[in-house]
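In full-length UniProt numbering, the protein residues as written are 1 to 197. Note that beta-carbon positions come from the ideal geometry of N, C-alpha and C, so glycine has one too. Treat the numbers as computed from the prediction; the structure is a model and nothing was measured.
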Amino acid sequence: MGSHGRACEQGRCWLEGHRWQLGRPASWSERLNGSAILGPAVGLLRLPRRDATPLRAGARCRVAGWGSVSDFEDLPPGLMEAEVRVLGLDVCNSSWKGQLSPAMLCTHSGDRRRRGFCSADSGGPLVCRNRAHGLVSFSGLWCGDPKTPDVYTQVSAFVSWIQDVVRRPNGPQPSPLPGTAGFLQELPEPQQHGVHK
């Protein structure tokens, strides 16, 4: 939070000033030791409303992450971002052979340049109209490949669950995500992706 640099040593990377490290199990819970101090490097990102109108195809958004900037490249030293465009779920779903659900959102570069996320960007935000509309989920084998658009978890589908988690700082663990019936605990670790320009 607020950091814009990363350090790596012997294959392990970390954000400067953080105790978070890449490669941690997704089930680990991270909490701040105290309140965040808002300033030039630390701000708030609003969530979309639970009943938000879906983003229209062609809407401009930004994706950010610490991952690779192109296929098979080393990780960059700083946070990267790229402008992308929302792709209609029907068009995206045809590229992914019908595997997508309404709780997903897709983007593409919108031109001939290959922009989007890449390896090690999983969980990064997709920001549209100053709100976190998506979280980096998965893409094809090649970064920015127009044949397999980038896929995100659509945040509006999980706003109630997110608010439930946030409101229980020291309470019991929240129930599984809606519609998952607990299967997320059984999934193998996701393939990492990263942002590239």
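Helix, strand or coil at residue i according to DSSP, with G and I counted as helix
{"i": "D51", "result": "coil"}
{"i": "C143", "result": "coil"}
{"i": "C45", "result": "A quick correction: the sequence has Leu, not Cys, at residue 45. In the structure shown, L45 sits in coil (DSSP, three-state: anything other than H, G, I, E or B)."}
{"i": "S156", "result": "helix"}
{"i": "V136", "result": "strand"}
{"i": "V151", "result": "strand"}
{"i": "D74", "result": "coil"}
Unbroken beta strand (DSSP E) run spanning residue i, endpoints
{"i": "V101", "result": "Note that residue 101 is Ser in the sequence shown, not Val. Unbroken run through S101: none, as it is neither H nor E."}
{"i": "L87", "result": "M80 to L87"}
{"i": "W126", "result": "Before going further, note that residue 126 is Leu rather than Trp in the sequence given. Run containing L126: P125 to C128, per the beta strand (DSSP E) assignment."}
{"i": "R60", "result": "R60 to G65"}
From the options, residue whose alpha carbon lies closest to that of residue i
{"i": "P146", "options": "G39, E73, S95 and R62", "result": "S95"}
{"i": "A82", "options": "M104, P125 and A52", "result": "P125"}
{"i": "D121", "options": "R114, H133, D150 and D111", "result": "D150"}
{"i": "R129", "options": "L45, N33 and L38", "result": "L45"}
{"i": "H133", "options": "G140, G116, C118 and V155", "result": "V155"}
{"i": "L135", "options": "L38, L47, N33 and G39", "result": "L47"}
{"i": "P76", "options": "F117, V86, F138 and T148", "result": "F117"}
{"i": "G144", "options": "R85, I37, L55 and D74", "result": "R85"}
{"i": "C61", "options": "F138, D51, L105 and S139", "result": "L105"}
Endpoints, the alpha helix (DSSP H) within which residue i is located
{"i": "residue 203", "result": "Residue numbering for the chain in the displayed model covers 1 to 197; residue 203 lies beyond these limits and cannot be assessed."}
{"i": "residue 207", "result": "Examination of residue 207 is not possible in this model, given that the chain is present from 1 through 197 alone."}
Assigned exposure category for residue i - 16 Cβ within 10 Å defines buried
{"i": "V42", "result": "exposed"}
{"i": "D111", "result": "exposed"}
{"i": "S35", "result": "exposed"}
{"i": "S101", "result": "exposed"}
{"i": "F158", "result": "buried"}
{"i": "S68", "result": "buried"}
{"i": "S160", "result": "exposed"}
{"i": "L141", "result": "exposed"}
{"i": "T53", "result": "exposed"}
{"i": "R131", "result": "buried"}
{"i": "Q21", "result": "Only weak support exists for where Q21 lies, its pLDDT of 42 falling under 50; the coordinates are left without a value."}
{"i": "G98", "result": "exposed"}
{"i": "L87", "result": "buried"}
{"i": "R115", "result": "buried"}
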